[in-house]
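J.: Supplied in structure tokens, the structure appears directly below.
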Amino acid sequence: MSTKPLTKILIANRGEIAVRVIRAAREMGIATVAVYSELDRNALHVRLADEAYALGGQTAAESYLNTEAILDAIRKSGADGVHPGYGFFSENADFADAITNMGVAFIGPPGDAIREMGDKVSSRRAALRGGCPIVPGTTDFVTTAQEITEFAATA
1 MSTKPLTKIL IANRGEIAVR VIRAAREMGI ATVAVYSELD RNALHVRLAD
51 EAYALGGQTA AESYLNTEAI LDAIRKSGAD GVHPGYGFFS ENADFADAIT
101 NMGVAFIGPP GDAIREMGDK VSSRRAALRG GCPIVPGTTD FVTTAQEITE
151 FAATA
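Quick note on the working numbering: the sequence shown kicks off at 1 and runs consecutively.
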């Protein structure tokens, strides 16, 4: 993991979360890059950012969830970090990996951590490996009604 200070971050989100990230980055002296859908071209986050790039599209799927458009904006802007905000790509391991594979910092957990925490069974196993207490439950995927009944009888 690089400890080089970030100089410019792209916020892969919209609205209030993007505005909050932009304001925090500004306080830290970090330049910001907004991305936007056609419908958001005049949104506050676009106006506040130092740079802004159109993603195209009207819907979230056509714009904010368009990985290639966001990766293109990262390349064009020269951003050295990406903040996913909430929702959209914040819990997408493949997106986090795509960012780091470009040599750009992903401001969030690494793809492997997102994958491991992405489902309850994997999360429980990770907690147990770390010696953390967990609430009663299974550490394997339950696939049949019989398994549920057997677990309920022991709980």
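Cβ atoms here follow ideal geometry from the backbone N, Cα and C, with glycine treated the same way.
Can you tell me whether DSSP reads Gly111 as helix, strand or coil?
T.: For this step, residue 111 is matched to residue 111 along the sequence shown. Looking at Gly111 - three-state DSSP - the assignment turns out to be helix.
J.: Looking at Leu10: is its Cβ nearer than 8 Å to the Cβ of Ala73?
T.: Taking the sequence shown and counting its residues from 1, one reaches residue 10 at position 10. Taking the sequence shown and counting its residues from 1, one reaches residue 73 at position 73. In contact: Leu10 and Ala73 (Cβ atoms closer than 8 Å).
J.: Under a three-way DSSP split, which group does Ile30 fall into?
T.: On the sequence shown, residue 30 is found 30 positions in, with the first residue counted as 1. The answer is coil: DSSP assigns Ile30 none of H, G, I, E or B.
J.: Roughly how far, in whole angstroms, is the beta-carbon of Ile107 from the beta-carbon of Glu91, given that I think they are within contact range, below 8 Å?
T.: As a first step, residue 107 is located in the sequence shown; it is residue number 107 there, counting from the start. As a first step, residue 91 is located in the sequence shown; it is residue number 91 there, counting from the start. Ile107 to Glu91, Cβ: 14 Å. No contact.
J.: Could you please give me the residues that DSSP links to Val35 through a beta bridge?
T.: Within the sequence shown, the letter at position 35 stands for residue 35. The partner list for Val35 (beta bridge, DSSP) reads Tyr53.
J.: Starting from Lys8 and walking both ways along the beta strand (DSSP E), at which residues does that stretch end?
T.: One-based indexing of the sequence shown puts residue 8 at position 8. Lys8 to Ile11 is the span of the beta strand (DSSP E), which, as asked, contains Lys8.
J.: Once the 5 residues before and after Val121 are set aside, which same chain residues still bring their CB inside 6 Å of it?
T.: By one-based count along the sequence shown, residue 121 stands at place 121. Short of 6 Å from the beta carbon of Val121, and not among the five residues preceding or following it, lie these beta carbons of its own chain, in chain order: Phe141.
J.: Whole-angstrom Cβ separation of Ala127 and Pro110, contact assumed at under 8 Å?
T.: Here residue 127 corresponds to residue number 127 of the sequence shown, with the count starting at 1. Here residue 110 corresponds to residue number 110 of the sequence shown, with the count starting at 1. Not confirmed; about 18 Å, so no contact.
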